[in-house]
Each structure stands twice: as C-alpha cells, then as structure tokens.
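S.K.: Sharing a structure with you now.
In the working numbering, the protein residues as written are 1 to 243.
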C-alpha cells in the first residue's frame with residue numbers, strides 16, 4: 001500500500017472513536033492505521049467505510065498531537081453554516097459558546113450537546129477555540145454529527161435567534177433561576193461562557209434568562225463543559241418527561 005503522508009494543510013483527526021465517528025459522518029478521506037494493531041471491531045468497521053493504509057507507528061505519532069491509539073484520519077473540509085442556514089435545518093436545541101478557547105472544553109461540550117440531541121453549535125469567529133483535531137478527539141468524534149455555525153458577533157446572533165423563535169438562556173453562576181425552574185422544552189439556545197472571563201456583558205444582556213447551577217460544596221462554580229453537560233441533561237430530562 002502507499003504510505004504517502006498527508007499534506008501539511010491537511011486536516012486530520014486521531015483516536016479510534018473519533019476517526020470512526022468522522023467516517024460514519026462521511027468526512028474521512030483516508031485512514032492511516034499503525035502496523036501491528038490487534039483486532040478491534042472499530043477498525044473493521046472503519047475499513048468498510050473508507051480506504052485504509054497501514055503505516056509505521058512512527059508515522060502515526062508524527063501526525064497526532066495526543067493519544068492516537070494507532071489511528072489517524074484525513075478529513076474532507078468541514079461545512080460551516082451561517083446562522084440563517086443553521087436555522088433552516090429546523091433545530092429546537094442549540095448551544096452557543098462565548099469565549100470558550102480551550103479545545104478540550106470545546107470538544108467536551110460538543111460531545112454533551114450531540115448526546116443531548118442539539119441541532120448545532122454556534123461559535124464566534126473570534127475568541128473561540130478552533131475546531132481542531134484536539135477538539136474532535138475530546139468530543140470522541142461526536143462533533144462530526146453536529147452542525148457547526150460561525151458568526152461574526154455572538155450578541156447580534158442572539159437577536160436573530162430570538163427573532164427565529166428561540167429563547168436564549170445563559171449559564172451564569174449569578175443567574176436568577178436553576179435550570180429545572182425554566183421551561184427547556186421550548187426552542188432554546190444555551191449560551192455558555194469561557195473558562196476564565198465567563199459571558200461578555202452584551203451577550204449576557206441579550207439573553208432572555210440566566211440559569212445558575214446551585215453549588216453546595218466549597219467551589220464557586222463548575223467549568224464550562226461540566227456546567228453545559230448538567231444543563232443539557234436537564235433539558236433532556238424535561239423533554240423526555242414533558243414537565
């Protein structure tokens with residue numbers, strides 16, 4: 001088999017789950033697998049979905065930025081939607097991120113969002129982690145099943161979302177309501193602030209409601225991905241029980 005390396009500009013993803021989910025989503029052009037790996041049903045499925053080339057472990061290590069489990073996938077360019085295009089897909093649950101710059105947090109939030117049935121994630125063009133291989137790996141490939149939207153300014157995007165029938169709910173440690181006291185069965189966009197600075201003032205002001213997670217222990221708050229997961233699953237609980 002050919003072992004030509006990816007081009008320097010080629011987007012890649014690594015890790016068995018992440019590569020397989022990207023392949024299921026139709027984004028993997030070619031998978032590179034390290035020589036000598038043992039049997040794994042994920043690798044067998046991957047080989048049915050995309051061309052697979054066997055290369056040296058050293059070649060895999062040179063392409064991956066973290067734990068790769070012997071697998072790297074070359075990706076087709078990802079479609080990035082405008083907000084109008086995203087709304088045309090008919091979602092009733094969205095997540096908007098304001099200043100989340102850690103790719104691990106970005107990936108973890110996208111994993112929770114996809115598992116909770118969100119229709120897409122909205123990222124600002126500035127002050128946001130890129131949708132990198134590290135973020136895809138942190139999402140365990142779940143990010144590949146979400147629509148991705150980038151907007152010039154998040155505050156203006158929230159206005160457009162509200163015009164489109166969405167409630168915009170900020171996750172805020174100083175919020176006025178816990179999430180179980182707000183109706184999350186209606187079309188809603190959960191707005192999550194960054195790791196250090198939280199929500200920007202104008203973004204916070206554009207939201208309809210601020211939801212807080214009560215802290216009983218000594219820590220003042222959860223990190224962005226943990227807080228997002230908690231509220232996303234309260235959303236799921238309400239929608240499954242229609243409270």
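Glycine included, each C-beta is placed from N, C-alpha and C at the ideal position.
Predicted model, so just to flag it, every value in this text is computed and none were measured.
Which of helix, strand or coil does DSSP assign to residue 28?
M.R.: Looking up residue 28 in the chain shown gives position 28. The answer is strand: DSSP assigns residue 28 an E or B state.
S.K.: Specify the secondary structure class of residue 61 as computed by DSSP and reduced to three states.
M.R.: By one-based count along the chain shown, residue 61 stands at place 61. Helix.
S.K.: So is residue 216 buried or exposed if we call it buried at 16+ other beta carbons inside 10 Å?
M.R.: As a working note, residue 216 is residue 216 in the chain shown. It is exposed - the Cβ of residue 216 has fewer than 16 other Cβ atoms within 10 Å.
S.K.: Can you give the Cα-Cα distance for residue 163 and residue 15, rounded to whole angstroms?
M.R.: Residue 163 sits at position 163 when you count from the first residue of the chain shown. Residue 15 sits at position 15 when you count from the first residue of the chain shown. Approximately 40 Å between the Cα atoms of the pair.
S.K.: By how many angstroms is the C-alpha of residue 174 removed from the C-alpha of residue 183?
M.R.: Residue mapping note: residue 183 aligns to position 183 of the chain shown, counting from 1. Residue mapping note: residue 174 aligns to position 174 of the chain shown, counting from 1. Using only the alpha carbons, I get a separation of about 19 Å.
S.K.: Quick test of the definition: if touching needs 3 or more C-beta pairs under 8 Å, does the region 46-66 touch the region 144-164?
M.R.: At 8 Å Cβ cutoff, the stretches do not touch.
S.K.: Applying the criterion that 16 or more other CB atoms from any shown protein chain within 10 Å of the CB defines a buried residue, is residue 58 buried or exposed?
M.R.: Looking up residue 58 in the chain shown gives position 58. Burial call: exposed.
S.K.: Roughly how many whole angstroms lie between the Cα atoms of residue 144 and residue 83?
M.R.: Numbered from 1 along the chain shown, position 144 holds the residue referred to as residue 144. Numbered from 1 along the chain shown, position 83 holds the residue referred to as residue 83. So the two alpha carbons sit approximately 18 Å from each other.
S.K.: Please report the straight-line C-alpha distance between residue 179 and residue 232, rounded to a whole angstrom.
M.R.: For this step, residue 179 is matched to residue 179 along the chain shown. For this step, residue 232 is matched to residue 232 along the chain shown. In a straight line, the C-alpha of residue 179 is about 9 Å away from that of residue 232.
S.K.: Identify whether residue 1 lies in helix, strand or coil by the three-state DSSP scheme.
M.R.: Position 1 of the chain shown, counting from 1, holds the residue named residue 1. Legend: pLDDT at residue 1 = 41, less than 50; position of this residue unreliable, no value from coordinates given.
S.K.: Among the residues of its own chain, which have a CB less than 7 Å from the CB of residue 13, if the five just before and after it don't count?
M.R.: Numbered from 1 along the chain shown, position 13 holds the residue referred to as residue 13. Contacts found: 19, 22, 73, 75, 133, 136, 137.
S.K.: Between which two residues does the beta strand (DSSP E) harbouring residue 203 extend?
M.R.: If you number the chain shown from 1, residue 203 lands on position 203. Here residue 203 belongs to no beta strand (DSSP E); instead the alpha helix (DSSP H) covers 201-206.
S.K.: Determine, using beta carbons only, whether residue 177 and residue 191 come nearer to each other than 8 Å.
M.R.: Within the chain shown, numbered from 1, the residue matching residue 177 stands at position 177. Within the chain shown, numbered from 1, the residue matching residue 191 stands at position 191. No, Cβ-Cβ distance for residue 177 and residue 191 is not below 8 Å.
S.K.: Roughly how many angstroms separate the alpha carbons of residue 1 and residue 91, rounded to a whole number?
M.R.: The residue labelled residue 1 in the question sits at position 1 within the chain shown. The residue labelled residue 91 in the question sits at position 91 within the chain shown. Low local confidence applies: a pLDDT of 41 at residue 1 is under 50, so the model's placement there is unreliable, and no value is given.
S.K.: Residues in the same chain with beta-carbon distance under 6 Å from residue 229, minus the five sequence neighbours each way, listed in chain order, please.
M.R.: Against the chain shown, residue 229 aligns to sequence position 229. 112.
S.K.: Taking the alpha carbon of residue 130 as the reference point, which residue from 207, 150, 53 has its own alpha carbon closest?
M.R.: By 1-based counting over the chain shown, the position of residue 130 is 130. When each option's Cα is compared against that of residue 130, the closest is 150.
S.K.: Measuring straight from C-alpha to C-alpha, what distance separates residue 104 and residue 224?
M.R.: One-based indexing of the chain shown puts residue 104 at position 104. One-based indexing of the chain shown puts residue 224 at position 224. Distance between the alpha carbons of residue 104 and residue 224: 10 Å.
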